[in-house]
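There are 2 protein chains.
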Amino acid sequence: MDQRINEVNGYLVSIFNDVLMIEERTLQMSQFKDVSIKEMHTIDAIGMYQEHTTSEVAKKLGITVGTLTVSVNNLVRKGYVDRVRSETDRRVVQLALTKRGRLLYRLHDKFHRDMVKETINEMGEKESEVLMQGLKNLHGYLERTKEQLPD
Amino acid sequence: MDQRINEVNGYLVSIFNDVLMIEERTLQMSQFKDVSIKEMHTIDAIGMYQEHTTSEVAKKLGITVGTLTVSVNNLVRKGYVDRVRSETDRRVVQLALTKRGRLLYRLHDKFHRDMVKETINEMGEKESEVLMQGLKNLHGYLERTKEQLPD
DNA sequence: AAATATTGTTTGAACATCAAACTATTTGAC
DNA sequence: GTCAAATAGTTTGATGTTCAAACAATATTT
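Chains as they are written, first to last, in the UniProt record's numbering: chain R, 1 to 151; chain P, 1 to 151.
Given below as structure tokens:
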């Protein structure tokens, strides 16, 4: 049992590191060299479809609003994000991707989907169901742990 | 199938973010408030047992040697890491954890192990085997992807 | 012995992050 | 309706992270 725990733990850690590393390198090799991995995640959190406020995106990313403002300044300057003041509440800023931002979003999304697709294709229907259940358990445990943390 | 991919992908992303967030918050609440999550991973890469050179640790972390030198400066100042010049090759620096560094290492390791243990305990022997197989597949795919990247 | 290679450090520039002070706007209390 | 309080976002100062490039010290090769 202890052995199993170490093995699963090891795979998880490796997977985390590899995904980040591959994402980062892939970006640097693409036409989007001016985007860091953190900026990529900000673009991902802003999302393709609806507009989202600064506060919403900051919460989703788990960073402060101030940090996001700075990052969005850079992304606007580089042409990936648009800032739009809300008409109904002039305090609110809606964030949205530019055309170029959406192009990058789709590229990144494809990387993620291909990664998972490849894994699942090697497994049967039943195994992939169990894998998902395992991830769901892990996710549930983490959500419960998060709730126990102060504020 | 497409739905399954989205679900697995979603869980993976959430798990990544949650683990990082929980690790960070747990550190801030502990007696180790002066250690960031990045520094924690550096401590983890230096490891409990053998000494490792600066180059080895940098490679493991996927950062440049220069970046590691700066980070190790801080960790030495804060009392978590010792630098020892190799006797056999005076260019080489061996990195090792101090007593306090080892204490933190064990705390972090326990967090990881508890996280996985909880998940596995909720599953039967067979399911945990399948979960591991899934993670192994994913890991294999990532390793192959990594090899295809230039240097 | 001199040229070359290796190991690590330093430095300058850009980004990431937070907390706290600040501005603009909206909401609520009276 | 006005004024106080709350809310949304920005700015700023401090610290950390990261890389590339220049550098220093040491080891290896020729």
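Note that CB positions come from ideal geometry on N, CA and C, so glycine has one too.
To the nearest angstrom, how far is it from the Cα of residue i to the Cα of residue j?
| i | j | result |
| --- | --- | --- |
| Asp89/R | Leu68/R | 20 Å |
| Ser36/P | Val72/P | 13 Å |
| Arg25/P | Val13/R | 18 Å |
| Tyr141/P | Val116/R | 9 Å |
| residue 166/P | Tyr11/R | The first residue shown for chain P is 1 and the last is 151, placing residue 166/P beyond what the model contains. |
| Leu131/R | His139/P | 13 Å |
| Met48/P | Gln50/R | 48 Å |
| Phe111/P | Asp44/R | 28 Å |
| Lys33/P | Asn17/P | 20 Å |
| Ser128/P | Glu125/R | 16 Å |
| Val8/P | Thr64/R | 28 Å |
| Ala58/R | Val70/R | 11 Å |
| Glu56/P | Ile46/P | 9 Å |
| Leu107/R | Lys38/R | 15 Å |
| Gly134/R | Ser86/P | 45 Å |
| Asn121/P | Leu61/R | 30 Å |
| Arg4/P | Val84/P | 51 Å |
| Glu147/P | Arg91/R | 48 Å |
| Asp2/P | His52/R | 26 Å |
| Gly66/P | Arg102/P | 24 Å |
Comparing C-alpha positions only, which one of the options sits nearest to residue i?
| i | options | result |
| --- | --- | --- |
| Asn74/P | Ser30/P, Thr42/P, Asp2/P, Ile120/P | Thr42/P |
| Met123/R | Lys136/P, Gly66/P, Glu118/P, Phe111/P | Lys136/P |
| Thr98/R | Arg113/R, Arg91/R, Glu87/R, Arg77/R | Arg77/R |
| Gln94/P | Val65/P, Thr64/P, Thr54/P, Glu125/P | Thr54/P |
| Leu104/P | Lys59/P, Met21/P, Val81/P | Val81/P |
| Met21/P | Met40/P, Glu7/P, Leu149/P, Val92/P | Met40/P |
| Glu143/P | Ile15/R, Arg4/R, Asp2/R | Ile15/R |
| Thr145/R | His52/P, Gly134/P, Glu118/P | Glu118/P |
| Gly79/R | Ala96/R, Gln28/R, Gln148/R | Ala96/R |
| Asn6/P | Asp109/R, Val8/R, Val84/R | Asp109/R |
| Gln31/R | Ala58/R, Val70/R, Leu61/R, Arg100/R | Arg100/R |
| Val23/P | Arg91/P, Asp2/P, Arg83/P, Asp114/P | With the sequence shown as reference, residue 23/P is identified as Glu, and Val is not the correct amino acid for it. The shortest Cα separation from Glu23/P among Arg91/P, Asp2/P, Arg83/P, Asp114/P belongs to Asp114/P. |
| Leu149/R | Gln28/P, Arg91/P, His52/P, Arg83/P | Gln28/P |
According to DSSP, residue i sits in a beta bridge with which residue or residues?
| i | result |
| --- | --- |
| Asp82/R | Ala96/R |
| Thr53/P | Gln94/P |
Inside the segment 15 to 51 of chain R only - alpha helix (DSSP H) runs reaching at least 4 residues | 37 to 46
Could you list the residues in the segment 110 to 123 of chain R with a C-beta less than 8 Å from some C-beta on chain P, going in chain order?
-> His112, Arg113, Met115, Val116, Lys117, Glu118, Thr119, Ile120, Glu122, Met123
Chain P contacts made by the segment 95 to 110 of chain R, where a contact means CB separation under 8 Å | none
The segment 72 to 96 of chain P: which residues have C-beta closer than 8 Å to a C-beta of chain R, in chain order?
-> none
Looking at chain P, which residues of the segment 127 to 142 of chain R have a Cβ within less than 9 Å of any of its Cβ atoms?
-> Glu127, Ser128, Glu129, Val130, Leu131, Met132, Gln133, Gly134, Leu135, Lys136, Asn137, Leu138, His139, Gly140, Tyr141, Leu142
Could you please tell me which residues of the segment 25 to 53 of chain P, in chain order, have their CB closer than 7 Å to any CB of chain R?
-> Arg25
At a Cβ cut of 8 Å, what residues of the segment 2 to 19 of chain P count as close to chain R, listed as they run along the chain?
-> The segment 2 to 19 of chain P vs chain R, Cβ under 8 Å: Arg4, Ile5, Asn6, Glu7, Val8, Asn9, Tyr11, Leu12, Val13, Ser14, Ile15, Phe16, Asn17, Asp18, Val19.
Would you list, in chain order, the members of the segment 57 to 71 of chain P that have their beta-carbon closer than 7 Å to a beta-carbon of chain R?
-> Gly62
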